Amino acid sequence: MKALVDPNKCTACGVCEEVCPASAITLAATMAQVSDDCTLCGMCVDTCEFGAISLPEVGTGPMANLADYRGVWVYAEWREGVLHRVGSELLGAGRKLADKRGVELSAVVLGHCLDGIGEQLLPYGADRVLLVDRPELAHFTDEAYSGALRELVRRERPEILLAGATAIGRSFIPRVAAGLGTGLTADCTELDISAEGLLLQTRPAFGGNVMATIVCPHRRPQMATVRPKVMKPTVDPRGGRIEPVEPPPECLQSRVEVLEVIPERDATARLTEADVIVSGGRGLKKAENFALLEQLAQLMNGAVGASRGAVEEGWIDPSHQVGQTGRTVAPTLYLAVGLSGAIQHVVGMQGSQIIVAVNKDPNAPIFDVASYGVRADLFEFIPAFIRKLKQEQGG
Amino acid sequence: MHIVVCIKQVPDTKNVRIDPDTHTLVRQGVESIINPFDLFAAEAALRLKDRHGAKITVITMGPPQAETALREVMARGVDEAVLLSDRAFAGSDTWATATALAAAVKKLNPVDLVICGKQAIDGDTAQVGPEMATFLDFPQAACVKSLDLADQHHLQITRQTDEGTEVWKLPLPALITVVKDVGEPRVPSIKHKLRAKKAAIPVWGAADLELAPEQVGLAGSFTQVVRVFSPPRRSDRILLEGDATQQAEQLYDLLKAAKVPGI
Ligand SMILES: Cc1cc2nc3c(=O)[nH]c(=O)nc-3n(C[C@H](O)[C@H](O)[C@H](O)COP(=O)(O)OP(=O)(O)OC[C@H]3O[C@@H](n4cnc5c(N)ncnc54)[C@H](O)[C@@H]3O)c2cc1C
Ligand SMILES: Cc1cc2nc3c(=O)[nH]c(=O)nc-3n(C[C@H](O)[C@H](O)[C@H](O)COP(=O)(O)OP(=O)(O)OC[C@H]3O[C@@H](n4cnc5c(N)ncnc54)[C@H](O)[C@@H]3O)c2cc1C
Ligand code: SF4
Ligand code: SF4
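As they're listed, the protein sequences go chains X and W.
Going letter by letter, the first sequence gives residues 1 to 395 in the working numbering.
Going letter by letter, the second sequence gives residues 1 to 263 in the working numbering.
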């Protein structure tokens, strides 16, 4: 199988030839030709302005009876006693989908000692909250969590299931999808639904250099993990109901033994959760100067990140590294200070809503991805910005 | 102990850059590298082998060229390699990829431990490992930072979570995905390089894995990419003027207007 070119539409313009990463496209006299090297990556499809290229259809095999599946579900993540805010964000997104489909929106919580937890979710637009309150779920393990969620889906057959693309969601949701025999789209940043009820799941890939829209035409539920902090919670109380559910114990079994859970409440270690991140690079010159960034981060209740450059110099612990081999972060504000913006760094932070670059080199690539560029010596700008913040916060 | 390491060949992101004006992908030749996390997966296996002795088999599903990646990993001390390559595998989503890889692990049985990278830097889904574990009915642990055998039949691991870390004990056979903290990948040695160069690497297609053509590749996939496009250009790119104090004031006002929490 390979990409298909419609000879009636192709004008032999050659644009697709350049984008194909597999060099599978060559230009014949009247049309583009695709060789067996095609990996069906889909890159060429959207670049053809004449709509001449398409990919063959996916997924044969027994088709799920699509009409049997109804309703939108959100997995509301509960960790060691608290709900993660991605749950209310997903209810905001799920509400829109449910309204377009004219179906119910349900939240599912898995955990233990869940008194009062359902009530915390109802204001965000849920028609009902399903609670599975079991000692086996007190600590997260992939097997027990996926077993429980899979069982609920089998019983109730929702058409859509959304979960946060958190460490937990990205770990056990694939196990749910694989066990159910359905597709799963990772780390979505945009969701929409077609008239036929097909979930249009848009996500970054290739480290954010490319966006892809993905569908799951023949299987249900349509499953996606969604990046935290992208969707907005909406307060929309509907007098929803709370339903406790008891899956059979065999669904809650886990072969993993959780020996220890070590939370690092230290703001600096909680990079992925922070709304504001101040990151430093080699431009900081020495370890002591990270204190400047600490101070700034603290003023904004944020966390400190770093480039690999700074980590390699030994100025800061590797746990702070952002990028391809570090953490992927997407805060509301990312302040990149004295770091050049190497692609391996950028892939870890370009999902941030606002990026500010502070660099003295006007050609530093970090400016290409910055919302606000500050061309300055960081040792002048950062103290000035700290002064300004203190002045505003004090007054 | 038999450990299987899964590696993927990916385009080198060094060669992928966003054109600041058109905001399209600029590629300067497409070079392939081994997914960085997968080198850590191989290192984790090699360290277990150093401590306890083990046989390590590295596998990849990809085009025939992916064989170079396998030899590169063998040059670091991995014992054997298998290439999963078949035209029928093209267009696999994570489900179809995991189906083929799990079938290969079954064929390599007995296997005590499967090690994957945390995620591949191109597809970026982090789904292949957990899906494979499901097909193999193995317990799993994602984002493992350190590992060792607790006893002959158990692995003890420390894993990274959003909150901190957790220590788990898993019975073998199991599957883990690893992050860079497991240890810096060693450099290839001359001895292993020579061995890797000469090693025969079997190539298995769908039929060798006893998978029907409709179970693999695009045909065996449930998700379909319907559109690929460049991310929208940041329309709000602004360069702040003036001296440091003026720039600080402008930035403060912009962030305040954008309602950034903490400002
Ligand atoms: C496989 C692989 C994986 C990698 N993974 C990562 C990763 O996860 N994360 C990561 O960050 N990198 C990663 N890298 C490394 C990456 O390629 C870069 O080398 C690294 O990010 C550079 O760090 P830097 O920006 O701090 O240093 P530099 O590139 O040296 O940049 C320093 C910047 O500071 C500026 N500067 C200097 N003094 C001042 C001043 N007084 N005021 C203002 N600006 C100043 C300079 O203009 C310069 O732009 C990886 C590389 C490889 C090959
Ligand atoms: C733009 C784009 C978006 C996509 N989005 C999705 C999506 O949302 N859902 C989906 O199901 N598919 C998606 N795919 C398809 C997916 O990228 C492929 O299935 C790919 O083969 C595996 O996924 P990954 O690269 O995300 O690997 P990951 O799951 O991130 O890889 C994790 C680990 O699994 C192992 N591994 C992965 N692939 C191989 C391999 N071929 N051989 C050996 N070991 C391997 C490695 O150890 C690796 O470190 C997408 C493809 C493209 C081009
Ligand atoms: S981009 Fe479209 S029209 Fe141009 S050569 Fe390719 S298929 Fe033909
Ligand atoms: S689908 Fe990808 S590999 Fe195939 S021709 Fe198009 S760009 Fe090339």
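Where a beta carbon is used, it is the ideal one built from N, C-alpha and C, also for glycine.
Every value quoted in this text rests on a predicted model; they were computed, and no experiment measured them.
* Can G183 (chain W) and E80 (chain W) be called in contact, C-beta distance under 8 Å? -> Indexing the second sequence from 1 puts residue 183 (chain W) at position 183. Indexing the second sequence from 1 puts residue 80 (chain W) at position 80. Contact annotation: G183 (chain W) and E80 (chain W) have beta-carbon atoms that are not nearer than 8 Å.
* Asked: Is it the case that the Cβ atoms of P36 (chain W) and T328 (chain X) are separated by a distance below 8 Å?
  -> Taking the second sequence and counting its residues from 1, one reaches residue 36 (chain W) at position 36. Taking the first sequence and counting its residues from 1, one reaches residue 328 (chain X) at position 328. Not a contact, by the Cβ cut-off of 8 Å.
* Around ligand 1, what residues have a beta-carbon under 5 Å from a heavy atom of it, in chain order? -> Those satisfying the condition are, in chain order, X:G281, X:R282, X:G283, X:S307, X:R308, X:G309, X:G323, X:Q324, X:T325, X:G326, X:G338, X:L339, X:S340, X:A342, X:Q344, X:H345, X:N359, X:K360, X:D361, X:A364, X:D377, X:L378 and W:P36.
* Asked: What's the C-alpha gap between R76 (chain W) and I53 (chain X)?
  -> Counted from its first residue, the second sequence places residue 76 (chain W) at position 76. Counted from its first residue, the first sequence places residue 53 (chain X) at position 53. In this model, R76 (chain W) and I53 (chain X) are separated by some 42 Å (Cα to Cα).
* Reducing DSSP to helix, strand and coil, say where M223 (chain X) ends up. => On the first sequence, position 223 is the one that residue 223 (chain X) refers to. Secondary structure at M223 (chain X): strand, using DSSP grouped into helix, strand and coil.
* Which two residues bound the contiguous beta strand (DSSP E) that contains K229 (chain W)? -> Within the second sequence, numbered from 1, the residue matching residue 229 (chain W) stands at position 229. In the sequence as displayed, the identity of residue 229 (chain W) is Phe instead of Lys. Here the beta strand (DSSP E) through F229 (chain W) covers Q224 to F229.
* Measure from the C-beta of K106 (chain W) to each C-beta in chain X and report whether the shortest distance is under 8 Å. => Here residue 106 (chain W) corresponds to residue number 106 of the second sequence, with the count starting at 1. False, the Cβ-Cβ gap to chain X never drops below 8 Å.
* Where does V258 (chain X) fall in DSSP's three states? -> The count along the first sequence starts at 1 and reaches residue 258 (chain X) at position 258. Looking at V258 (chain X) - three-state DSSP - the assignment turns out to be strand.
* To do: Work out the CA separation of V203 (chain W) and A212 (chain W) for me, nearest whole Å.
  => Here residue 212 (chain W) corresponds to residue number 212 of the second sequence, with the count starting at 1. Here residue 203 (chain W) corresponds to residue number 203 of the second sequence, with the count starting at 1. Distance between the alpha carbons of A212 (chain W) and V203 (chain W) is about 17 Å.
* **K118 (chain W) classed as buried or exposed, judged by whether at least 16 other C-beta atoms fall within 10 angstroms** => On the second sequence, position 118 is the one that residue 118 (chain W) refers to. Buried, by the Cβ-count rule.
* Listed in chain order, which residues of the region 165–184 of chain W have Cβ atoms closer than 9 Å to some Cβ of chain X? -> Flagged, chain order: T165, E166, V167, W168, K169, L170, P171, A174, T177, V179, K180 and D181.
* **chain X within 8 Å of R228 (chain W), Cβ atoms only** => Along the second sequence, one-based indexing puts residue 228 (chain W) at 228. According to the sequence displayed, residue 228 (chain W) carries Val and not Arg. True, the Cβ-Cβ gap to chain X drops below 8 Å.
* Proximal chain W residues relative to S171 (chain X), where beta-carbon distance stays under 7 Å -> On the first sequence, residue 171 (chain X) is found 171 positions in, with the first residue counted as 1. Simply P130 and A142.
* Could you have a look at R154 (chain X) and say whether DSSP puts it in helix, strand or coil? => To locate residue 154 (chain X), count along the first sequence from 1; it is residue 154. Under the three-state reduction of DSSP, R154 (chain X) is assigned to helix.
* To do: Would you please state the rounded distance, in angstroms, between the beta carbons of Q224 (chain W) and P221 (chain X)? I believe it to be under 8 Å.
  => As a working note, residue 224 (chain W) is residue 224 in the second sequence. As a working note, residue 221 (chain X) is residue 221 in the first sequence. In this structure, Q224 (chain W) and P221 (chain X) do not form a Cβ contact; the two beta carbons are roughly 16 Å apart against a cut-off of 8 Å.
* To do: Classify S146 (chain W) as helix, strand or coil using the three-state DSSP reduction.
  => What you label residue 146 (chain W) is simply residue 146 of the second sequence in a count that begins at 1. Looking at S146 (chain W) - three-state DSSP - the assignment turns out to be strand.
* chain W beta carbons: is any one of them nearer than 8 Å to that of G302 (chain X)? -> The count along the first sequence starts at 1 and reaches residue 302 (chain X) at position 302. Yes, G302 (chain X) lies at the interface with chain W (some Cβ there is under 8 Å from its Cβ).
* Between the CA atoms of W78 (chain X) and R154 (chain X) - distance to the nearest angstrom -> Translated into the one-based positions of the first sequence, residue 154 (chain X) becomes position 154. Translated into the one-based positions of the first sequence, residue 78 (chain X) becomes position 78. One C-alpha to the other measures close to 22 Å.
* Cβ-based neighbour list, T268 (chain X), same chain, cut-off 6 Å, excluding 5 preceding and 5 following -> Numbered from its first residue, the first sequence carries residue 268 (chain X) at position 268. Model confidence at T268 (chain X) stands at a pLDDT of 45, short of 50, so the residue's coordinates are unreliable; what they give is reported in the following sentence. Cβ neighbours of T268 (chain X) within its own chain (closer than 6 Å, five residues either side excluded): A303 and V304.
* Same chain only: Cβ atoms within 7 Å of Q350 (chain X), ignoring 5 sequence neighbours per side -> Taking the first residue of the first sequence as 1, we reach residue 350 (chain X) at position 350. Result list for Q350 (chain X): G208 and V369, in chain order.
* Validate contact between the region 75–94 of chain X and the region 125–138 of chain X using beta carbons, cut 8 Å, 3 pairs -> With the cut-off at 8 Å, the region 75–94 of chain X and the region 125–138 of chain X touch.
* Residue range of the unbroken alpha helix (DSSP H) whose run includes G87 (chain X) -> If you number the first sequence from 1, residue 87 (chain X) lands on position 87. Judged by DSSP secondary structure, G87 (chain X) falls within the alpha helix (DSSP H) whose first and last residues are V86 to R101.
* Short Cβ contact (8 Å threshold) for V337 (chain X) with G280 (chain X) -> Translated into the one-based positions of the first sequence, residue 337 (chain X) becomes position 337. Translated into the one-based positions of the first sequence, residue 280 (chain X) becomes position 280. Against a cut-off of 8 Å, the Cβ pair of G280 (chain X) and V337 (chain X) comes out as a contact.
* Among W:T94, W:P188, W:T134 and W:I157, the one whose alpha carbon lies nearest that of V258 (chain X) -> For the purposes of this step, residue 258 (chain X) is taken as residue 258 along the first sequence, with counting starting at 1. Checking every option, the nearest Cα to that of V258 (chain X) belongs to W:I157.
* To do: Report whether the distance from the Cβ of V5 (chain X) to the nearest heavy atom of ligand 3 is below 7 Å.
  => Against the first sequence, residue 5 (chain X) aligns to sequence position 5. Between ligand 3 and V5 (chain X), a heavy atom-to-CB distance of less than 7 Å is present.
* To do: Measure the Cβ-Cβ separation of S92 (chain W) and A104 (chain W) and say whether it is below 8 Å.
  => Stepping through the second sequence from its first residue, residue 92 (chain W) is reached at position 92. Stepping through the second sequence from its first residue, residue 104 (chain W) is reached at position 104. Cβ distance not < 8 Å, so S92 (chain W) and A104 (chain W) don't count as in contact.
* Is it buried or exposed for Q28 (chain W), if we count other Cβ within 10 angstroms and need 16 for buried? -> Translated into positions along the second sequence, residue 28 (chain W) becomes position 28. Low confidence applies here, because Q28 (chain W) scores a pLDDT of 49, under 50, leaving its location unreliable; read the following figure in that light. With fewer than 16 other Cβ atoms from the protein chains shown falling within 10 Å of its own Cβ, Q28 (chain W) counts as exposed.
* Since L147 (chain W) contacts L155 (chain W) with CB under 8 Å, what's their CB separation in whole angstroms? -> Taking the first residue of the second sequence as 1, we reach residue 147 (chain W) at position 147. Taking the first residue of the second sequence as 1, we reach residue 155 (chain W) at position 155. Correct: roughly 6 Å between the Cβ atoms.
* **T161 (chain W) CB to nearest heavy atom of ligand 3 below 7 Å** => Position 161 of the second sequence, counted from the start, is the residue given in the question as residue 161 (chain W). Flag unset: Cβ of T161 (chain W) not near ligand 3.
* Asked: Of the residues W:L239, W:F89 and W:T245, which one's Cα is nearest the Cα of P383 (chain X)?
  -> Walking along the first sequence from the start, residue 383 (chain X) turns up at place 383. With distances taken between Cα atoms, P383 (chain X) lies closest to W:T245.
* Assign P204 (chain X) to one of three DSSP states: helix, strand, or coil. => One-based indexing of the first sequence puts residue 204 (chain X) at position 204. Collapsing the DSSP output to three states places P204 (chain X) in a strand.
* Rounded to the nearest angstrom, how far is the Cβ of L40 (chain X) from that of L218 (chain W), given a contact under 8 Å? -> The residue labelled residue 40 (chain X) in the question sits at position 40 within the first sequence. The residue labelled residue 218 (chain W) in the question sits at position 218 within the second sequence. Indeed they touch by this definition, with Cβ atoms about 6 Å apart.
* With 16 other Cβ atoms within 10 Å as the buried cut-off, status of I18 (chain W) -> One-based indexing of the second sequence puts residue 18 (chain W) at position 18. Annotation note: pLDDT 46 at I18 (chain W) (below 50); position unreliable, coordinate value reported separately. In summary, I18 (chain W) is buried, with 16 or more beta-carbon neighbours lying within 10 Å of its beta-carbon over all protein chains present.
* **Neighbourhood of L428 (chain X) by C-beta distance below 6 Å, restricted to the same chain and skipping five residues each side** => Absent from the structure is residue 428 (chain X), since the part of chain X shown begins at 1 and ends at 395.
* Asked: Are T213 (chain X) and A186 (chain X) close, meaning C-beta to C-beta below 8 Å?
  -> For the purposes of this step, residue 213 (chain X) is taken as the residue at position 213 of the first sequence. For the purposes of this step, residue 186 (chain X) is taken as the residue at position 186 of the first sequence. At a Cβ-Cβ threshold of 8 Å, T213 (chain X) and A186 (chain X) do not count as neighbours.
* Taking 7 Å as the cut-off, is the CB of A32 (chain X) close to at least one heavy atom of ligand 3? -> To locate residue 32 (chain X), count along the first sequence from 1; it is residue 32. Yes, the Cβ of A32 (chain X) comes within 7 Å of a heavy atom of ligand 3.
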